[in-house]
Every structure is written in C-alpha cells, then in structure tokens.
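In what follows, a single structure is set out as structure tokens and then discussed.
Residue numbers (our numbering): 803 to 1342.
Put into structure tokens, the structure is as follows:
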C-alpha cells in the first residue's frame, strides 16, 4: 500500500501541467506554452470542440497563474486550493519561503484562536431517582432529582474557563452549588488550576499538575472551606504502566482524610479498572469491566463493596448514531434490585435509576434480569437490526449514487480533454513509429485490484469496467519528441489532463503497454509513483 501525506493532495495543478512539485519557473513557463498551444480555442473551428478547448484552456491558465506566482504557489503547496480561497491573504509581500510560511502559520493560528474563543463546550446530566416500592406504598414514583450543567470555553491556546452548577432534591430537601474553574497551561509539561465554589460546599482552591516524565504525572492541590475555614490537601500520582495500562495513588488530608489506589487498562475491545479507597470510617472497593462486542455494542459488569454498600451491576449499551447511545444496567445488592437506564446525546446525559424492590427474592431477581435481557435480544433481532441494515443500505446507495454522478462528470471531462489531445497524440505516435521510437499501445488507469488481475489472468478486456479508464491517448500526447515519457513522483495521476478518478476512495494503479525499437514492454506504476519509459527492465 502506498503511503502519502497531506502535501501530496495539494499537487493537482502540477499533474495538470505534468510538472514535478520542484519544477523551476522556466519549466513551468515551458509547460504552459506547450499546453496552451494544444488547447487554445482558436485552433478549433467546430463549435463543440471550441467549447471543450475553452474549458480546458481556462484550467491551464488558472494553473499557470497560481504556479507562476511565487506567493500563490507557496500558499498552494502548503494549503492547496483551500488556502487560496479561504482568505489566507499574505498582505505585504514577504521575502523567502520561510517568511511566507511563517506568516501563513500566524494567520492560520489567529483564525483558529478566533474560532476557539467563540466555541463553547456545554455538557450536562439529569438524574431522576424512581422507586416502585415507594409508589406502591402510596408515595410518589419520583423520589428525587439532580441536575448538573457545565460550560467550558477555550479562551486561548493556554487558557480554559469552566463554569458549572448543580441542583439536587431528595425527600423534600434540596440544595445546590455553583463552581468556576480557570486553567492555565504554564508550559508543555505543567499547568495550574484555580477553583471557586459557592453553595453547599463553598470553597476556594488551587492545584497544579506537572508531567514528571513521559510516563508519570503528579497533581497537588489545596482547598479551603469558606464555611469553617478548614483546609484539605490533595495529592495524585499517575503512572503509565504499559501501552494500555496505568495506575494512580490519591491522598487527601483534611476533615475527611483518605487514600485511594487504582488502575486502568484499556485496548480496542476491552477495558477494566479498579480502585480501593480507605479513610476514617470509610472502606470502598470497586471493579469495572467493559467488553466491546462490535463498534456499536458493548457489555459491562461492575462490582462494589464498602462500608455501606455491596452490589453488582450487569448490563450493556448500544450506539444509536454518531452522537447518541443508550445503556441498560441490572443492579442487585443489599439495598435491593434496580434497573438503570442511561441516554447519552452529545455532551448531555440522562440517567434513570428505578428501584424495583428492597427485598432480595431469588425468583424476582432472576425475572428482573432475564425478562428485559430477552426482550432486548428479540427487539434487536427482529426490529433494531433490520432497521439499521435498511438504513445502512439506503445510505450506501445514496453515497454510491452521488459518487457515480461525480465519476460520470469526471469521465465526461476526461473524454473531452482526450478529444482535443487525439490529433496531436496520433501525429506523435506516427512519428515515433517511423523512427522506431516510443509508442504507447495500451494504457489503463484505475482500480488496483482490477488491474492486478492482468498479472494473473488471460483476460484482456478491462476497459468496459467502471473502475478503469483508457488513457492511451493522454500518454501518447505526453511522449516527448526524443521518445521519452516521464510522470513525476508524488503527483496523483488522476489530475493529469485526460485522466480522471474512476473509483474514488480506492487504491489506483497505472498499467502501460508500449513498443520501443521494435520490442514489447509493459509496466505497472502506483498512483503517486514516478514513471519513466522506456526502460530495459520493462521488456517482456
């Protein structure tokens, strides 16, 4: 498989003039004169040929206008046509490529900063606690609610500001708090945060984070309560244990001192984490495991044990769209049996815990797990999966239709260009035949898999497939008077005049059969690969 970088996508104009990206000003002028003569509208009398020539002549002139101007060429080489049309203007002329590039980078960063400053990242959570036993005892189904909301703003590359608030109501009592956090990046390895909170937990604090090494990070903070003036000191150390695992130790000193040790491990399909926390009258331990069955579905199991809790959560989730997902969890513990439904949409989250019973009845516990799990698999098989299959097929058909229209348009443009090239290509071909020079007898460009079949198949008719186009005429047109043909490295061949991309998104290749000095030759070349013919190594 060929590798390429973003700069290679900004070379279509070089392909149009069959130039190397390192071409000199004189080479650009010479190529322009050659192509302008071939496509000048005044050479054609027939109205339809004149229209085709005018269209392609304008493309040649536009390419020359950009590549012959050092400033425009520099912008094009770095940012492509988007850089020329998106307002990245240089203003006063600058000397040297490095100055131009530096100015472009400055303008681009300024636009990014403006975009970041105007970009806010909101998130929020709504939690509604429901109780079926409470409802059956004559109380309400809804036992309590909590809401949190947060807005994060990137003030600059180094500064972030976050404001947040939360409200909670439970059993006729409630309260809330508002928080503000300012984060400043001191350097590439350290940052500092200032936090203030009013409400139930009124406090002010500061903490700093520093990367001790490429594998270790330390965070230290201090916070003071505005109610009683008490101080709380916190320390957190994290270390990368391997490529997929990390561990941490957290120490809190204050009115509620505690120490916690934890670990996390995550790869493409599985993730697991655990934590043990000890404190004054406090003991908590938790383990969380998740397995991703497919890109859209996962299963998880959570176990918790502590001074006042003992429970297990089992459940799964599914991705509904690019921004939405749902989860269902079955919870059994000393507090009873519950279901928990979670809906995620963008940065927003809705959580609905439903307490089914406070008693640990084995039959009820089994039914509370088996019935909804069975219902999910039935709905998935007979409703959800067929729906997504229909939707994916419809989307594929729409994309194929759109791509087909684009390919059809590109093929029509390449056929028009080849009509203009045909007379000159035939003259060059006849001249080369007379002198025993280079003659392209067959050239195909398109899907790499289709063309590779030529190497292992006796089939010879590949021109009819929609993934391949015949480019014999354009290559004969490019043969020099000395009997040489050169296609430059790093320039996508679909941009060459008379070529097009017959299969967008797929790897492409060029196959050429040619005659030179009475001998037969053939060669394959990748889409960005350099090609020089004739060559002795191509001889059959």
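For glycine and all other residues, C-beta sits at the position ideal for the given N, C-alpha and C.
Shown here, residue 1167 sits in a helix according to DSSP, grouped into three states. When the five nearest sequence neighbours on each side are left out, the beta carbons in the same chain lying within less than 8 Å of the beta carbon of residue 1109 are those of 1083, 1084, 1085 and 1086, in order along the chain. Judged by DSSP secondary structure, residue 994 falls within the beta strand (DSSP E) whose first and last residues are 992-1001. For residue 859, no beta strand (DSSP E) run applies; the uninterrupted alpha helix (DSSP H) run containing it begins and ends at 849-869, by DSSP. By the beta-carbon neighbour count (other beta carbons within 10 angstroms, threshold 16), residue 1126 is exposed. Secondary structure remark: continuous beta strand (DSSP E) runs of at least 3 residues inside the region 1050-1115, in chain order: 1060-1068, 1072-1081, 1084-1096 and 1099-1108. Between residue 928 and residue 1151, the C-beta spacing is below 9 Å.
By the criterion of a C-beta distance shorter than 8 Å, residue 1209 is surrounded in its chain by 1268, 1302, 1303, 1304, 1305 and 1306, once the five residues flanking it on both sides are discounted.
Each residue's CA atom was taken as its position, placing residue 882 and residue 1014 some 40 Å apart. When DSSP assignments are scanned along the region 1245-1332, the uninterrupted stretches of alpha helix (DSSP H) that are 4 or more residues long and fall wholly within it turn out to be 1250-1258 and 1274-1280. In the three-state reduction of the DSSP assignment, residue 1155 falls in the strand class.
The three-state reading of DSSP puts residue 936 in helix, counting H, G and I together.
DSSP, reduced to helix, strand and coil, places residue 1240 within a strand of the structure shown.
The beta-bridge partner set that DSSP reports for residue 953 consists of 924 and 965. In the displayed model, residue 1125 falls within coil according to three-state DSSP, outside both helix and strand.
With a 10 Å radius around the Cβ and a threshold of 16 neighbouring Cβ atoms, residue 1054 comes out buried.
Per the C-alpha coordinates, the member of 1135, 1138 and 1154 positioned closest to residue 1144 is 1154. Contact annotation: the region 855-875 touches the region 812-832, with at least three C-beta pairs closer than 8 Å. In the structure shown, residue 873 adopts helical secondary structure according to DSSP, grouped into three states. Taking 9 Å as the cut-off, the beta carbon of residue 1010 is found no closer than this to the beta carbon of residue 989. One alpha carbon belongs to residue 1310, the other to residue 1249, and they sit about 5 Å apart. Of the residues assessed, residue 1288 falls on the exposed side of the cut-off, its CB having fewer than 16 other CB atoms within 10 angstroms. Rounded to whole angstroms, residue 1060 and residue 957 show a C-alpha spacing of 35 Å. DSSP lists 926 and 1147 as the beta-bridge partner residues of residue 1150. By the Cβ test, the region 1293-1301 is in contact with the region 1329-1342, since at least three Cβ pairs between them sit closer than 8 Å. For residue 832, the enclosing alpha helix (DSSP H) starts and ends at 827-841. When secondary structure is reduced to three states using DSSP, residue 1142 falls in the strand class.
In this structure, the beta-carbon distance from residue 1335 to residue 1314 falls below 9 Å. Sorting 1057, 1076, 1058 and 1120 by C-alpha distance to the C-alpha of residue 1066 places 1076 at the top. By the Cβ neighbour-count rule, residue 1140 is buried, with 16 or more other Cβ atoms within 10 Å of its own.
Annotated three-state conformation of residue 819 is coil, per DSSP.
In the DSSP assignment, residue 886 is bridged to no other residue.
With a threshold of 16 other beta carbon atoms within 10 Å, residue 1255 falls short and is exposed. According to DSSP, residue pairing for residue 1134 in a beta bridge involves 1114 and 1139. For residue 1238, the closest C-alpha among the options 1148, 1321 and 848 is that of 1321. Annotated three-state conformation of residue 1341 is strand, per DSSP.
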